[in-house]
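Participant: My structure is below; once you've seen it, I'll send some questions.
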Amino acid sequence: HIHCDNKGFINISQITESWSRPFKLYLQRNSMRKLYTNSFLHLNNAVSINLGNNALQDIQTGAFNGLRVLKRLYLHENKLDIFRNDTFLGLESLEYLQADYNVIKRIESGAFRNLSKLRVLILNDNLIPMLPTNLFKSVSLTHLDLRGNRLKVLSYRGMLDHIGRSLMEIQLEENPWNCTCEIVQLKSWLERIPYTALVGDITCETPFHFHGKDLREIKRSKLCPMLSDSEVEASLGIPQLSSSKENAWPTKPSSMLSSFHFTASSVEYKTSNKQPKPTKQPRAPRPPPTPRGLYPGPNQPPVAAYQTRPPIPIICPTGCSCSLHINDLGLTVNCKERGFHNISELLPRPLNAKKLYLSGNLIQKIYRSDFWNFSSLDLLHLGNNRISYVQDGAFINLPNLKSLYLNGNDIERLTPGMFRGLQSLHYLYFEYNLIREIQPAAFSLMPNLKLLFLNDNLLRTLPTDAFAGTSLARLNLRNNHFLALPVAGVLEHLHAIVQIDLKLNPWDCTCELVPLKQWLE
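All you need for my numbering is the position in the sequence shown, starting with 1, plus 343.
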């Protein structure tokens, strides 16, 4: 292990030594803005190189020449905006590529053409709007993380048909999926991949009537009402689904598909027994989840293939449906659109619930006593109810919660007390409410908060210290009533920001907006 972190290096040439035996090179938190051609020729025995957090903006053609035995490359938390066809030339042995938390907007179709051994690809939290045809034609990925990008659709022909041959996990959450005819390609693909594959939640962003809904729960006829299934598949180049049961996925999505969110992002998978080293705060299910240690070995069977029936009885609230997480014996509790007025109506209370879906009900108030025995929850979905009141400390009994959805309600005001107890929260959704006021330090009790959606509300200003104490990477303030936003005391606290959406606000482009312009630049 060669540790060169925090050395102030601006060029690989500043490493003058070479090593005759295989080694791992750590170069995090230096100042290398560019990797030049043949930079690593004298480091040809490296099996792992970590270039995370270098403000890296460009990789020249041939930069990795000579690294024929390199198996792992870490490029996370940089400023890369493109992967060209020649970016990864010379990396024929690469198995693991991590490039989360960059600003990647474009990947050329041949970028991974020569990476035939690539198995793990981590691209979450970038700005990728689409993936080119045949991008994955030459690789056999086992793990693919595309969370937190700008993907609206994935084509079947030339894209999805190249994924799945050896797939164990794919993460697609936090993309603005457009659930119309074209999304049928993704839905059809999900019906064809092995049922042991682990698939993250795919939540519709548009059109409005599908906002917040899980793609797998929407019938094809609703997605594309003008065409029959066969017409849709023919027009999109989707092959007919085989009648063979061994290639089809269960009638209902297996709970294991969305429950075992082994998250590649920000975690180094190791074949040894050492604890994984996060590049950022470990994310949980969307998210890095509990320790998974799951870089697949050659003889390792599919994660969830051992058990065929639950080892313990399932307790499920009346009127809801429940499915067991095979990996940790936790439950997904689905109480969507069941007409509930109060959370206290959920009886009997389930044991070890991990995900609770209560969207589309008639709930108006959230009380401190509502979640007294839901301490194991990592996801709570309360979207599209009629919630106007959240009692201080309402979530205090949810120490493990990672994702909280309160979108599509009638909430007008956010206070620090509302979020007491949510120290593990990563993802918070408040879009499409009536929020007019956010109190100072409202989010300060959530130090691990990574994503905050406040779009489509009635906000005119943000208070001092609004984001103090958080580690936000994504912030959505789109379609509010902002004329200006202060940098001092507000935006200056966004130290880890990767993406901020400020569109569709009535900005007053006068002198007062100059600090915001400078901050954005």
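Each residue gets a CB set at the ideal place from its N, CA and C atoms; glycine is no exception. All values derive from a computational prediction rather than experimental measurement.
(1) Sort out for me which residues DSSP pairs Gln441 with in a bridge.
(2) Decide if Val857 is buried, meaning its Cβ has at least 16 other Cβ atoms within 10 Å, or exposed.
(3) Can the beta-carbon of Phe431 be found less than 9 Å from the beta-carbon of Leu470?
(4) If you run the structure through DSSP and keep just helix, strand and coil, what is Trp362?
(5) Does the distance from the CB of Asn743 to the CB of Ser767 come in under 9 Å?
(6) Can you tell me which residues form a DSSP beta bridge with Ser666?
(7) How is Arg563 classed by DSSP in three states: helix, strand or coil?
(8) Cα separation between Arg728 and Met473?
(9) Would Ala540 be called buried (16 or more neighbouring beta carbons within 10 Å of its own) or exposed?
(10) Going by DSSP in three states, Glu835 sits in which element: helix, strand or coil?
(11) When you compare only the Cα positions, how much space is there between Pro593 and Ile526?
(12) What's the gap between the Cα of Phe455 and the Cα of Ser481?
(13) Just to check my reading of the structure: Gly453 and Asn750 have Cβ atoms closer than 8 Å, yes? What is that Cβ distance to the nearest angstrom?
(14) When DSSP labels each residue in this structure, what does Lys860 get in the three-state scheme?
(15) Work out the CA separation of Asn421 and Asn752 for me, nearest whole Å.
(16) Distance check for Asn695 and Ser666, CA to CA, integer angstroms please.
(17) Is the separation between the beta-carbon of Ile709 and that of Leu725 shorter than 9 Å?
(18) Straight-line CA distance for Ser361 to Arg449?
(19) Count the other C-beta atoms from every protein chain shown that fall within 10 angstroms of the C-beta of Trp715, then say buried if there are 16 or more, exposed otherwise.
(20) Using the C-alpha atoms, what's the distance from Lys697 back to Leu720?
(21) Can you tell me which of the three DSSP states Gln650 falls into?
(22) Would the beta-carbon of Asn408 fall within 9 Å of that of Phe383?
(23) Are Asn740 and Gly760 close, meaning C-beta to C-beta below 9 Å?
(24) Along the chain, where does the alpha helix (DSSP H) containing Ser531 start, and where does it finish?
(25) Please say whether Leu826 and Pro849 have beta carbons closer to each other than 9 Å?
Facilitator: Quick answer:
(1) Checking the DSSP bridge columns, you'll see Gln441 partnered with Tyr417, Ile465.
(2) Val857 should be labelled exposed.
(3) No, these two residues do not count as a Cβ contact at 9 Å.
(4) The answer is coil: DSSP assigns Trp362 none of H, G, I, E or B.
(5) By the CB criterion at 9 Å, Asn743 and Ser767 fall inside the cutoff.
(6) DSSP output for Ser666 lists Thr675 as bridge partner(s).
(7) Collapsing the DSSP output to three states places Arg563 in a helix.
(8) Going by the sequence as given, residue 728 is Asn instead of Arg. C-alpha separation (whole angstroms): 32 Å.
(9) Taking a 10 Å sphere around the C-beta of Ala540, we find 16 or more other C-beta atoms and assign the residue as buried.
(10) In the three-state DSSP reduction, Glu835 falls in the helix class (H, G or I).
(11) At Pro593 the pLDDT is 32, less than 50, meaning the model places this residue with poor confidence; the figure from the coordinates comes in the next sentence. Counting only the Cα atoms, Ile526 lies some 20 Å from Pro593.
(12) The straight-line gap separating the alpha-carbon atoms of Phe455 and Ser481 is approximately 7 Å.
(13) Gly453 to Asn750, Cβ: 39 Å. No contact.
(14) Note: Lys860 maps to helix in three-state DSSP.
(15) In this model, Asn752 and Asn421 are separated by some 37 Å (Cα to Cα).
(16) Rounded to whole angstroms, Ser666 to Asn695 spans 12 Å at the Cα level.
(17) Yes, Cβ-Cβ distance for Ile709 and Leu725 is below 9 Å.
(18) If I take the Cα positions, the gap works out to 34 Å.
(19) Classified as exposed, Trp715 has fewer than 16 neighbouring CB atoms from the shown chains inside 10 Å of its CB.
(20) Rounded to the nearest angstrom, the two C-alpha atoms are 4 Å apart.
(21) Residue placement at Gln650 is flagged as unreliable, the pLDDT there being 28, under the threshold of 50; the coordinate-derived value follows with that caveat. In the structure shown, Gln650 sits in coil (DSSP, three-state: anything other than H, G, I, E or B).
(22) Going by C-beta atoms, Asn408 is nearer than 9 Å to Phe383.
(23) Asn740 is not a Cβ neighbour of Gly760, given a cutoff of 9 Å.
(24) Start and end: 527–533.
(25) It is a contact, given that the beta carbons lie within the stated cut-off.
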